[in-house]
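S.K.:
Chains as they are written, first to last, in the working numbering: chain F, 6 to 407; chain L, 5 to 140.
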């Protein structure tokens, strides 16, 4: 809605449009419980919000455009066209919010606010940030829009690929924020994941933006998103992939993810998203953790590493190697990695090492490793997880080990 | 008497077999400024779902939203009508609107009210049985 109205009134009136949408929703909230929702709720809301902005503009007597220019076709015979228009408006808005001249955190926050309808306080809750700082981030992003006179439009064909890349990155980060952050309000974080999936679907469904890598990202998000409900046990404690109850995985989402994966095979480019989606698919298709097609998983991780060194990917590869070549082989690979400076302060490194040592039956060294990890993270769910492992190995779950 | 459009199947007073109850939805005035559009959409969804549910169960008779303003208070003072604008902005509580429902007894009417999302969002509901109009 914000996207449609901003197209009509211009990105410079984004604040006014946001207020008008807020008002229209409040009006709907007062009326619809008693009168039922109208046949075309979105059209109704847009009309009410639009009138509201028009009233303001008239009152401000700064209305330079003629009202004719501000007319939009709503409802009536062209429902399909209307739906398509709304979709296109949202796409334009995504591209505008993800403009490279806006800092990355601003891109995410602005997209969530204007395309997703999240409030600053919800975004703050999802990001474990304070509300005023999120508000500031959004304000700065809007200032950028004005300063650089960024228009609400689809990128020109020659810029589309680059701009699509940054939009995908933002969607990817948005999803990860919801998926991987272990603290923060569960409900809002799940919303974040679903919003990322929705935006990706939007891009994937459009003839111009529906590139194979967009489908690849869609596949990745859906296949991972399918595991959302299985990530914690009944007590809310963290579960590793190997410990999850696979019957809790969302079959419908996996189905949608696999459909995207098929469509992603359409081009000659293999993006990072392709590789990550393939790994996710290996997990989704496996009956159990043991049944996973580990050699294929290793291939994908190795290809990802060739493209871009990443400690997370390196660690995941080693976990897969331990599955295929045995725990000792995994530990040997880990030792090679320990030269790496970044990894020395990276708790997952010690946590993974602890897991492998524990599997190898070397409990005392496993405890050491878990305790090193414990000294490097302040995340409560992770700390609880590590303490439990330490107690399981017969150690005392206190101290940092440093 | 002026005609009020009731958003439902039939006017309140027409041929009644089952007892009818009026649910008066009371609440503190609010502009919902502390809710995001996303949250409001979700709340609307809850209300609409409740409405559809009681319709499907044949309990729903009608409902109306009252305008969000203070209305007028009319009284007699020394034999003369006195009209005062009702307070809205300052009021601690207003009546947002009402539902008329079918229910076998108070227990059922109260049970239906309990499902109304209004209770979750800082409102309360006054349930009153409507005196039936004798046939003929």
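For glycine and all other residues, C-beta sits at the position ideal for the given N, C-alpha and C.
#1: Looking at C-alpha atoms only, which residue of L:106, L:101, L:81 is the closest neighbour of residue 136 (chain L)?
#2: Which chain F residues are close to residue 97 (chain L), counting only those with a beta carbon under 8 Å from its beta carbon?
#3: State the Cα-Cα distance for the pair residue 165 (chain F) and residue 215 (chain F), rounded to the nearest angstrom.
#4: Using a C-beta cutoff of 8 Å, does residue 69 (chain L) count as contacting chain A?
#5: Counting C-beta neighbours from all protein chains within 10 Å, is the total for residue 296 (chain F) 16 or more, i.e. buried, or is it exposed?
#6: Is the segment 294-311 of chain F touching the segment 334-343 of chain F in the sense that three or more CB pairs, one from each, lie closer than 8 Å?
#7: What did DSSP end up calling residue 24 (chain L) once you bin it into helix, strand or coil?
#8: Considering residue 84 (chain L), what are the terminal residues of the beta strand (DSSP E) in which it resides?
#9: Select from the segment 97-124 of chain L all residues with a C-beta closer than 9 Å to any C-beta belonging to chain F, and list them in chain order.
#10: Just by C-beta distance, which residues in the segment 230-259 of chain F are closer than 8 Å to chain L?
#11: In whole angstroms, what separates the C-alpha of residue 119 (chain F) from that of residue 366 (chain F)?
#12: Below 8 Å, can you find three or more Cβ-Cβ pairs linking the segment 38-48 of chain L to the segment 27-39 of chain F?
#13: Compile a chain-ordered list of the residues in the segment 15-40 of chain F whose CB is closer than 7 Å to at least one CB of chain L.
#14: In angstroms, rounded to a whole number, what distance separates the CA positions of residue 110 (chain F) and residue 128 (chain F)?
#15: How would you write the range of the beta strand (DSSP E) that residue 220 (chain F) sits in, first residue to last?
#16: Where do the ends of the beta strand (DSSP E) carrying residue 67 (chain L) lie?
#17: Check whether chain F comes within 8 Å of residue 52 (chain L), counting only Cβ atoms and requiring the distance to be less than that.
#18: Which first and last residues belong to the alpha helix (DSSP H) in which residue 102 (chain L) is found?
#19: For residue 132 (chain L), report the span of its beta strand (DSSP E) as first-last.
#20: Check this for me: beta carbons of residue 55 (chain F) and residue 96 (chain F), under 8 Å apart or not?
#21: Please report whether the beta-carbon of residue 136 (chain F) lies at a distance below 8 Å from any beta-carbon of chain L.
#22: Give, in chain order, every unbroken run of the alpha helix (DSSP H) that is at least 4 residues long and sits entirely within the segment 240-272 of chain F.
#23: So, do the segment 167-180 of chain F and the segment 132-152 of chain F have three or more beta carbon pairs nearer to each other than 8 Å?
#24: Which whole-angstrom value describes the C-beta separation of residue 53 (chain F) and residue 14 (chain F), a residue pair presumed to lie in contact below a C-beta threshold of 8 Å?
#25: Can you look up residue 80 (chain L) in the DSSP assignment and give me helix, strand or coil?
#26: If contact is defined by three or more beta carbon pairs under 8 Å, each pair taking one atom from either stretch, is the segment 201-220 of chain F in contact with the segment 271-278 of chain F?
#27: Residues of chain L with CB under 8 Å from residue 42 (chain F), in chain order?
#28: Note down the Cα distance separating residue 118 (chain L) from residue 64 (chain L), rounded to an integer number of angstroms.
#29: Please report the straight-line C-alpha distance between residue 24 (chain F) and residue 39 (chain F), rounded to a whole angstrom.
#30: Can you tell which of F:242, F:245, F:290 has the C-alpha that lies nearest to the C-alpha of residue 263 (chain F)?
#31: In chain F, what lies closer than 7 Å to residue 36 (chain L) by C-beta?
#32: By Cβ distance below 6 Å, which residues in the same chain neighbour residue 352 (chain F) in space, the five residues on each side in sequence not counted?
#33: In chain L, what lies closer than 8 Å to residue 127 (chain F) by C-beta?
#34: Put residue 198 (chain F) into one of helix, strand or coil per three-state DSSP.
#35: Using Cβ-Cβ distances below 8 Å, what residues of the segment 267-293 of chain F are close to chain L?
#36: Taking residue 300 (chain F) as the reference, give the member of F:283, F:314, F:312, F:313 with the closest Cα.
M.R.: So, to answer that:
#1: Reading the second chain from its first residue, position 132 is the one you call residue 136 (chain L). Nearest of L:106, L:101, L:81 to residue 136 (chain L), Cα basis: L:106.
#2: In the second chain, counting from the first residue as 1, residue 97 (chain L) sits at position 93. Going along chain F, no residue has its Cβ under 8 Å from residue 97 (chain L), so there is no contact; the nearest lies around 15 Å.
#3: Residue numbering aside, residue 165 (chain F) sits at position 160 when the first chain is read from its first letter. Residue numbering aside, residue 215 (chain F) sits at position 210 when the first chain is read from its first letter. Looking at the two C-alpha atoms, the distance is approximately 12 Å.
#4: The chain inventory of the structure shown lacks chain A, comprising the protein chains F and L.
#5: Counting from 1 along the first chain, the entry for residue 296 (chain F) is found at position 291. Exposed, by the Cβ-count rule.
#6: no
#7: The residue labelled residue 24 (chain L) in the question sits at position 20 within the second chain. Three-state DSSP puts residue 24 (chain L) in a strand.
#8: Counted from its first residue, the second chain places residue 84 (chain L) at position 80. First-last of the beta strand (DSSP E) with residue 84 (chain L): 84-89.
#9: 100, 101, 102, 103, 120, 121, 122
#10: none
#11: Locating residue 119 (chain F) in the first chain gives position 114, where the first residue counts as 1. Locating residue 366 (chain F) in the first chain gives position 361, where the first residue counts as 1. Approximately 53 Å, taken between the alpha carbons.
#12: yes
#13: 26, 27, 30, 31, 33, 34, 35, 36, 37, 38, 39, 40
#14: Against the first chain, residue 110 (chain F) aligns to sequence position 105. Against the first chain, residue 128 (chain F) aligns to sequence position 123. If you take the alpha carbons of residue 110 (chain F) and residue 128 (chain F), they lie about 11 Å apart.
#15: Against the first chain, residue 220 (chain F) aligns to sequence position 215. Careful: residue 220 (chain F) lies outside any beta strand (DSSP E), inside the alpha helix (DSSP H) at 217-230.
#16: As a working mapping, residue 67 (chain L) is identified with position 63 in the second chain. Residue 67 (chain L) -> beta strand (DSSP E) spans 64-69.
#17: The count along the second chain starts at 1 and reaches residue 52 (chain L) at position 48. So, interface residue.
#18: What you label residue 102 (chain L) is simply residue 98 of the second chain in a count that begins at 1. Element bounds for residue 102 (chain L): not the alpha helix (DSSP H) but the beta strand (DSSP E), 98-106.
#19: Position 128 of the second chain holds residue 132 (chain L). Element bounds for residue 132 (chain L): 127-133.
#20: The residue you call residue 55 (chain F) lines up with position 50 of the first chain. The residue you call residue 96 (chain F) lines up with position 91 of the first chain. No; because the gap between Cβ atoms is not below 8 Å, this pair is not in contact.
#21: The count along the first chain starts at 1 and reaches residue 136 (chain F) at position 131. With 8 Å as the cut-off, residue 136 (chain F) does not count as an interface residue toward chain L.
#22: 256-269
#23: no
#24: Working through the first chain from its first residue, we reach residue 53 (chain F) at position 48. Working through the first chain from its first residue, we reach residue 14 (chain F) at position 9. The pair is not a contact, with the Cβ atoms about 14 Å apart (cut-off 8 Å).
#25: To locate residue 80 (chain L), count along the second chain from 1; it is residue 76. Three-state result, residue 80 (chain L): strand.
#26: yes
#27: Along the first chain, one-based indexing puts residue 42 (chain F) at 37. 48, 52, listed in chain order.
#28: Within the second chain, numbered from 1, the residue matching residue 118 (chain L) stands at position 114. Within the second chain, numbered from 1, the residue matching residue 64 (chain L) stands at position 60. Looking at the two C-alpha atoms, the distance is approximately 15 Å.
#29: Reading the first chain from its first residue, position 19 is the one you call residue 24 (chain F). Reading the first chain from its first residue, position 34 is the one you call residue 39 (chain F). Between residue 24 (chain F) and residue 39 (chain F), the C-alpha separation is close to 24 Å.
#30: Here residue 263 (chain F) refers to the residue found at position 258 when the first chain is read from its first residue. Closest by alpha carbon: F:290.
#31: As a working mapping, residue 36 (chain L) is identified with position 32 in the second chain. Residues of chain F passing the Cβ test: 31, 34.
#32: For the purposes of this step, residue 352 (chain F) is taken as the residue at position 347 of the first chain. So the qualifying residues of the chain are 378, 381, 382.
#33: In the first chain, residue 127 (chain F) corresponds to position 122, counting from 1. Those within 8 Å of residue 127 (chain F) in chain L are 40, 42, 43.
#34: By 1-based counting over the first chain, the position of residue 198 (chain F) is 193. Three-state result, residue 198 (chain F): helix.
#35: none
#36: For the purposes of this step, residue 300 (chain F) is taken as residue 295 along the first chain, with counting starting at 1. Of F:283, F:314, F:312, F:313, the residue nearest in Cα terms is F:283.
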